[in-house]
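Chains Y and R, in that order, are what the protein sequence lines are.
The first sequence begins at 0 in numbering that gives the first Met the number 0 and counts up by one.
The second sequence begins at 0 in numbering that gives the first Met the number 0 and counts up by one.
Each remark here refers to the structure printed beneath this line.
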Amino acid sequence: MIDMMPISFLFFAGALLIAALPKGSSGAAISLFIPIIAGWQVYQLPAGTFAEIELMGQTLEMMRVDKLSRVFALIFCIAAFLGNLYAWHVRDKVQQLAALFYSGSALGAVFAGDLITLFFYWEGTAIASVFLIWARGTIGAYHTGLRYLIIQIMSGVILLAGAAMLWRETGSIAFDLMTLNSLGTWLIFLSFGMKCAFPLLHNWLQDSYPAATVTGTVILSAFTTKLAVYALARGFAGTEILIYIGAIMTLFPIFFAEIENDLRRVLAYSLNNQLGFMVVGVGIGTEMALNGTASHAFAHILYKALLFMSVGAVLFRTGTSKASELGGLCRTMPMTAFFCLIGAASISAFPLFSGFVTKSLIIDASAKKHMVLIWAVLVFASAGVLSHSGIKIPYFTFFGHDSGKRPKEAPFHMLLAMGLTAFLCIAIGVFPDPLYALLPYEVDYKPYTPNHVVGQMQLLCFALLAFVVLMKSGLHPPEIRSVNLDTDWTYRKAAPSIMLSLGRGLGELLRSFESALTSLTKDSLTWLERTLGPEGGISAGRPLGIMALWIVILLALALIVGYI
Amino acid sequence: MKEETSKVPENLPITGRFFAWFTDPAHAKYIIGFLVILCVGLFLADFTYKKYGHFEAETYKGFYGAYGFIMFTALILAAKTLRSFINRPEDYYGSKAIDSEEYPEAQLEKLEHSHD
């Protein structure tokens with residue numbers, strides 16, 4: 000029975016159970032239990048399509064299981080478990096329900112075999128996840144959540160419009176490989192791109208993730224964007240434009256991340272950069288590249304969650320995640336610092352850590368195709384990753400300048416979640432074969448060759464050396480309390496100020512119209528009084544004669560009107 | 000760097016004391032020395048195996064090291080330049096933005112490191 004039911008329903012059932020139970024640790028326990036059962040189910044599921052529903056002449060495929068959907072579903076279950084473990088202390092039911100609905104929707108979307116099912120789950124992720132932002136309960140979070148929700152819902156609406164157009168064109172709503180040759184497919188592509196944080200559509204990510212709760216950001220970081228990567232891999236593998244979009248995505252966030260002060264926003268930029276690698280892999284579209292995308296998404300979800308967890312733990316203990324306020328915390332939070340370093344080494348792709356065995360599949364796939372520029376950009380972006388996630392996050396939080404803060408070590412459940420995640424990051428790095436076995440295609444790749452290991456170590460160590468030189472010479476930009484402009488400026492500042500000045504202009508126009516009307520009325524009244532009033536020219540002097548004259552004129556008019 | 004405490008307080012956990020060693024400016028020379036030796040070693044390692052690659056540049060000795068050093072420096076300097084254009088005060092987006100508000104205390108467990 001259970002294996003014929005969509006996996007997402009397990010999460011929804013768990014959420015309803017939490018809603019029914021009284022507040023307490025039972026909710027947190029259910030949140031842990033559900034992803035374990037779901038993960039086991041996903042691992043056991045045979046390939047094929049089931050849980051089909053006939054609806055208005057169309058078949059909705061709720062469960063399409065193949066190697067691509069399975070690897071994403073599996074990491075989603077692991078991420079849900081680790082995220083919920085990290086959030087063990089949270090007794091807020093809204094967050095517990097949101098986390099389960101959100102991860103369940105993401106799983107549902109991954110298994111969706113048609114665009115309508117995909118749409119429902121797509122919107123499900125949007126609506127459920129915004130509560131992880133609103134749960135912070137501040138006015139800033141409320142406004143940020145609204146902006147986030149508008150963009151996420153818009154992405155869903157565009158997806159639905161695209162699906163409808165595609166259905167009119169082809170008569171099918173199946174979610175399979177598409178080509179960009181009609182407005183319908185372009186709309187679907189745009190919808191995926193919004194969720195995937197394509198350049199210029201990206202800023203919802205950096206705007207909203209730092210606004211969520213301590214634990215909410217960890218959960219947010221895993222699902223939405225990787226669901227979009229999955230959707231691109233399913234629908235647009237081998238679409239050349241993605242190579243260039245992805246390359247730009249790897250590049251521009253590294254500059255922003257370098258000068259950003261809020262470390263959770265630095266990680267959001269870094270997340271954007273990592274998505275770029277995956278998008279390039281989808282664009283190249285070869286078996287090796289798609290394996291690279293899937294495995295990199297898998298590894299990335301873990302090390303990104305780990306980094307968000309460590310910065311979250313610091314926020315939990317100190318009340319801030321701003322680099323300018325932190326530093327030297329390794330003294331009293333050594334375990335958190337240690338796990339953060341493992342996350343940093345993994346994302347920087349040091350040998351023996353997870354990023355090393357996954358990112359290289361994508362970079363090598365680009366080299367195999369002799370795309371020299373793309374390859375050079377990806378290698379540069381790899382050094383860039385080291386700068387913000389590898390160095391900046393751990394250095395300015397736990398080492399560097401001593402902020403004088405001596406917070407207590409993170410609570411046990413947070414350390415446990417970080418420890419497990421860190422363990423997986425290293426396990427994948429040291430033994431990549433079990434992960435490789437899960438990938439959509441057979442892997443014919445050896446990450447540990449002298450060429451690759453020495454090359455990567457040179458890249459990273461010389462970049463570290465450059466960091467030391469820049470710090471010593473004072474050229475490295477200091478951490479300062481500030482914000483940086485990004486595309487959200489257009490709708491947070493420019494558009495409101497344009498609307499405001501338009502409104503002011505209109506108001507001004509109305510006011511001058513009103514005053515013109517007032518003065519006209521006043522002038523008319525004055526004139527009337529001057530002419531017809533008791534002191535007026537007509538009334539003055541000869542009242543009787545004038546009166547008689549008016550009566551005659553009126554009688555004449557009445558006669559004319561009466562007889563004509 | 001100037002406010003760095005060179006003396007490690009007694010009450011730190013062992014791991015904390017271990018990490019604190021790295022933050023001591025007096026020890027920076029050892030760390031930098033180690034890094035330099037590592038870099039030289041990695042450069043020399045390029046002579047011990049046959050380098051291959053899809054592009055000619057990859058076969059040059061020390062290519063990745065040079066690329067990493069130059070591009071990292073370029074990145075930092077470019078980011079610094081970018082900052083001068085896009086940097087704004089923290090309250091730029093007004094009071095309804097998370098940047099200018101405190102994280103709600105009730106959701107945190109702000110505890111100090113205890114001495115026992």
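Yeah, the Cβ is synthetic: ideal placement off N, Cα and C, and Gly gets one too.
Model, not experiment: these values are computed from the prediction.
Residue span of the alpha helix (DSSP H) that contains residue i, given as start and end
i	result
I253 (chain Y)	240-258
F49 (chain Y)	Looking at the DSSP string, F49 (chain Y) is not in any alpha helix (DSSP H); the run it does join, the beta strand (DSSP E), is 47-54.
I341 (chain Y)	333-346
C38 (chain R)	27-44
V356 (chain Y)	353-367
W166 (chain Y)	138-169
V310 (chain Y)	286-317
E122 (chain Y)	114-133
C460 (chain Y)	449-471
D432 (chain Y)	432-437
W203 (chain Y)	202-207
I392 (chain Y)	392-397
E513 (chain Y)	494-531
L389 (chain Y)	Per the sequence presented here, residue 389 (chain Y) reads as Gly, with Leu not at that position. That residue, G389 (chain Y), is in no alpha helix (DSSP H); it is neither H nor E in DSSP.
V429 (chain Y)	411-429
A227 (chain Y)	213-234
L328 (chain Y)	Counting along the chain, L328 (chain Y) falls outside any alpha helix (DSSP H), and DSSP gives it neither H nor E.
V442 (chain Y)	Segment: none, V442 (chain Y) is in no alpha helix (DSSP H) and carries neither H nor E.
Q273 (chain Y)	262-283
Y101 (chain Y)	92-110
Under 9 Å from the C-beta of residue i: neighbouring residues of chain Y
i	result
D45 (chain R)	V453, G454, Q457
F21 (chain R)	C329, F398
Y29 (chain R)	Near Y29 (chain R) there are no residues of chain Y at all, since even the closest Cβ is about 13 Å away, more than 9 Å.
F33 (chain R)	Ordered by position in chain Y, no residue passes the 9 Å Cβ test against F33 (chain R), which lies about 10 Å from the chain.
Y59 (chain R)	Those do not exist, as Y59 (chain R) stays about 11 Å from chain Y at its closest Cβ, beyond 9 Å.
Start and end residues, beta strand (DSSP E) containing residue i
i	result
V64 (chain Y)	57-64
Under 7 Å by beta carbon: chain Y residues contacting residue i
i	result
I36 (chain R)	Result: empty, since nearest Cβ-Cβ is about 10 Å, beyond 7 Å.
H53 (chain R)	A366, K367, H369
K95 (chain R)	I138, G139, H142
Whole-number beta carbon distance between residue j and residue i, since they are thought to touch under 8 Å
i	j	result
K404 (chain Y)	L328 (chain Y)	6 Å
I157 (chain Y)	G144 (chain Y)	So it is not a contact: roughly 20 Å between Cβ atoms.
A296 (chain Y)	M308 (chain Y)	About 18 Å; that fails the 8 Å criterion.
T396 (chain Y)	L463 (chain Y)	The pair is not a contact, with the Cβ atoms about 17 Å apart (cut-off 8 Å).
I31 (chain R)	V467 (chain Y)	6 Å
T285 (chain Y)	A364 (chain Y)	6 Å
A465 (chain Y)	F71 (chain R)	4 Å
I188 (chain Y)	L179 (chain Y)	According to the sequence provided, residue 188 (chain Y) is Phe. The question's Ile does not apply to it. Indeed they touch by this definition, with Cβ atoms about 6 Å apart.
L73 (chain Y)	D113 (chain Y)	With 8 Å as the limit, L73 (chain Y) and D113 (chain Y) do not qualify as a contact, their Cβ atoms being about 22 Å apart.
P476 (chain Y)	A78 (chain R)	7 Å
V442 (chain Y)	Y435 (chain Y)	4 Å
F71 (chain Y)	P34 (chain Y)	Actually they are not in contact, since the Cβ atoms of F71 (chain Y) and P34 (chain Y) sit about 14 Å apart, beyond 8 Å.
F398 (chain Y)	F21 (chain R)	6 Å
Interface residues of chain Y facing residue i [CB-CB closer than 8 Å]
i	result
P103 (chain R)	R135, G136, T137
P24 (chain R)	Residues of chain Y passing the Cβ test: none, with the nearest at roughly 10 Å.
Spatial neighbours of residue i in its chain, beta-carbon cut-off 7 Å, leaving aside the 5 residues before and after
i	result
V265 (chain Y)	A256, E259, H387, K391, I392
P5 (chain Y)	A50, M61, M62, G107, F110
T124 (chain Y)	Y101, S104, A105, A108, F222, T223, L226
F62 (chain R)	A56
G192 (chain Y)	L200
G45 (chain R)	According to the sequence shown, residue 45 (chain R) is Asp rather than Gly. So the list reads K60, G61, once near-sequence residues are dropped.
P410 (chain Y)	H88
H299 (chain Y)	Q273
E528 (chain Y)	G535
Interface partners of residue i on chain R, CB under 9 Å
i	result
E257 (chain Y)	L74, I75, A77, A78, K79, L81, R82
N450 (chain Y)	Y48, K49, K50, Y51, G52, E57
L469 (chain Y)	F71, T72, I75, L76
Own chain, CB closer than 6 Å to residue i, minus 5 neighbours either side, in chain order
i	result
G383 (chain Y)	I253
A135 (chain Y)	Rather than Ala, the amino acid found at residue 135 (chain Y) in this sequence is Arg. These residues qualify, in order along the chain: T212.
G280 (chain Y)	A288, G291, T292, I361
L15 (chain Y)	none
Proximal chain R residues relative to residue i, where beta-carbon distance stays under 7 Å
i	result
L484 (chain Y)	I85, R87
T317 (chain Y)	K109
Proximal residues to residue i (C-beta, below 8 Å), its chain only, five neighbours per side dropped
i	result
R263 (chain Y)	Y208, P209, T216, F307, V310, G311, L314, S320
S99 (chain R)	E89, D90, Y92, G93
Quick check: the stretch 228-247 of chain Y against the stretch 335-352 of chain Y, are at least 3 beta-carbon pairs closer than 8 Å?
The answer is no - the stretch 228-247 of chain Y does not touch the stretch 335-352 of chain Y, with fewer than three Cβ pairs under 8 Å.
Across the stretch 424-436 of chain Y and the stretch 299-317 of chain Y, are there enough close Cβ pairs to call them in contact, namely three or more that are closer than 8 Å?
Result yes; three or more Cβ-Cβ pairs closer than 8 Å.
Decide if the stretch 476-491 of chain Y is in contact with the stretch 85-100 of chain R; the criterion is three or more beta carbon pairs, one per stretch, under 8 Å apart.
Yes, since at least three Cβ pairs between the stretch 476-491 of chain Y and the stretch 85-100 of chain R fall closer than 8 Å, the two stretches touch.
Check whether the stretch 450-463 of chain Y touches the stretch 77-92 of chain Y, counting contact only when three or more Cβ pairs, one atom from each stretch, lie closer than 8 Å.
Short answer: they don't touch.
Inter-stretch contact (C-beta, 8 Å, three-pair minimum) for the stretch 111-123 of chain Y and the stretch 26-37 of chain Y
Under the three-pair Cβ rule at 8 Å, the stretch 111-123 of chain Y does not count as touching the stretch 26-37 of chain Y.
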